[in-house]
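K.L.:
Quick note, the sequence shown lines up with residues 110 to 331 if you use this note's numbering. For glycine and all other residues, C-beta sits at the position ideal for the given N, C-alpha and C. Keep in mind it's a predicted model, so treat the numbers as computed, not measured.
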Amino acid sequence: MENLPNYINIVFILTTLLTMLLLFKAGNYSKPLIIITTLWLAVQAIIGLSGFYTISSGVPPRFMLLLAPPVILITVIFFTKKGKELINNFSLKTLTLLHIVRIPVELVLYWLYLHKAVPQVMTFEGHNFDILCGLSAPFIYYFGFIKKVLSKRVLMAWNIICMLLLANIVITAVLSAPFRFQQFGFEQPNIALFYFPFVWLPAFVVPAVLFAHLVAVRRLAR
Numbered sequence: 110m111e112n113l114p115n116y117i118n119i120v121f122i123l124t125t126l127l128t129m130l131l132l133f134k135a136g137n138y139s140k141p142l143i144i145i146t147t148l149w150l151a152v153q154a155i156i157g158l159s160g161f162y163t164i165s166s167g168v169p170p171r172f173m174l175l176l177a178p179p180v181i182l183i184t185v186i187f188f189t190k191k192g193k194e195l196i197n198n199f200s201l202k203t204l205t206l207l208h209i210v211r212i213p214v215e216l217v218l219y220w221l222y223l224h225k226a227v228p229q230v231m232t233f234e235g236h237n238f239d240i241l242c243g244l245s246a247p248f249i250y251y252f253g254f255i256k257k258v259l260s261k262r263v264l265m266a267w268n269i270i271c272m273l274l275l276a277n278i279v280i281t282a283v284l285s286a287p288f289r290f291q292q293f294g295f296e297q298p299n300i301a302l303f304y305f306p307f308v309w310l311p312a313f314v315v316p317a318v319l320f321a322h323l324v325a326v327r328r329l330a331r
């Protein structure tokens, strides 16, 4: 990954920082949220720089250590009393705006494809339509929470559709990596997410986006 232009790394790092800021703002700058998130990103940066995730031959893949802890944490938050109290303090308006980060993420994935670090199937030229969620987020934010002309059903439908699109690219990314169960991208596999700073995508950005949708669906359903 040393041959990548610096702008790709810079854009992705800035995107991760923007995701952090919007998540912190949505959570009313909760100290536990800030501490846990900052420590997690720091730990994953160190591990990513060490080359730990570049070894893909193990079972289960080391890559799962990027995804599993955030998923477990989200599950704990949604099924504990303190976690539910935390969820209720999040701003749906800001969580909706958070999805704009999906635009630069998709641009980064496209640039990585051009530099043979991910397969085309993971980009908007392939089977990844997640950029539509990022492009529509400002409109959902404005008409749903500023003008307040969108119904709860519309907001719910948008969140569910975007979650499905998120699931699509996550599954595609995992099945495009050089694991024993690889299904896509054999000529140009997904290797970028094994390296820093792109380890932050599965470790933080994707879980943050998923969390934003889950909080919105839970709150809208109530």
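Provide the residue span of the alpha helix (DSSP H) that contains GLU215, from first to last.
P.N.:
As a first step, residue 215 is located in the sequence shown; it is residue number 106 there, counting from the start. Its alpha helix (DSSP H) spans residues 211–223.
K.L.:
Are the CB atoms of LEU275 and LEU319 within a distance shorter than 8 angstroms?
P.N.:
Here residue 319 corresponds to residue number 210 of the sequence shown, with the count starting at 1. Here residue 275 corresponds to residue number 166 of the sequence shown, with the count starting at 1. Cβ atoms of LEU319 and LEU275: closer than 8 angstroms.
K.L.:
In terms of alpha-carbon separation, which member of HIS322, PHE313, THR189, PRO213 lies closest to LEU148?
P.N.:
Taking the sequence shown and counting its residues from 1, one reaches residue 148 at position 39. Ranking HIS322, PHE313, THR189, PRO213 by Cα distance to LEU148 puts PHE313 first.
K.L.:
Under the assumption that VAL227 contacts PHE121 (Cβ atoms under 8 angstroms), give the Cβ distance between them as a whole number of angstroms.
P.N.:
Taking the sequence shown and counting its residues from 1, the one referred to as residue 227 is at position 118. Taking the sequence shown and counting its residues from 1, the one referred to as residue 121 is at position 12. That pair is no contact at about 12 angstroms.
K.L.:
With 16 other CB atoms within 10 Å as the buried threshold, where does ALA330 fall?
P.N.:
If you number the sequence shown from 1, residue 330 lands on position 221. Exposed, since its Cβ has fewer than 16 Cβ neighbours within 10 Å.
K.L.:
According to DSSP, is SER166 helix, strand or coil?
P.N.:
By 1-based counting over the sequence shown, the position of residue 166 is 57. In the structure shown, SER166 sits in coil (DSSP, three-state: anything other than H, G, I, E or B).
K.L.:
Considering just the uninterrupted stretch of the alpha helix (DSSP H) at THR147, what are its terminal residues?
P.N.:
Numbered from 1 along the sequence shown, position 38 holds the residue referred to as residue 147. Element bounds for THR147: 140–159.
K.L.:
Taking VAL168 as the reference, which of PHE290, ILE156, ARG327, ARG328 has the closest Cα?
P.N.:
Along the sequence shown, one-based indexing puts residue 168 at 59. Of PHE290, ILE156, ARG327, ARG328, the residue nearest in Cα terms is PHE290.
K.L.:
Any idea if TYR250 is buried or exposed, counting beta-carbon neighbours within 10 angstroms, 16 or more meaning buried?
P.N.:
On the sequence shown, position 141 is the one that residue 250 refers to. Its Cβ being crowded by 16 or more others within 10 Å, TYR250 is buried.
K.L.:
What residue range is occupied by the uninterrupted alpha helix (DSSP H) comprising VAL180?
P.N.:
Numbered from its first residue, the sequence shown carries residue 180 at position 71. 173–187 is the extent of the alpha helix (DSSP H) around VAL180.
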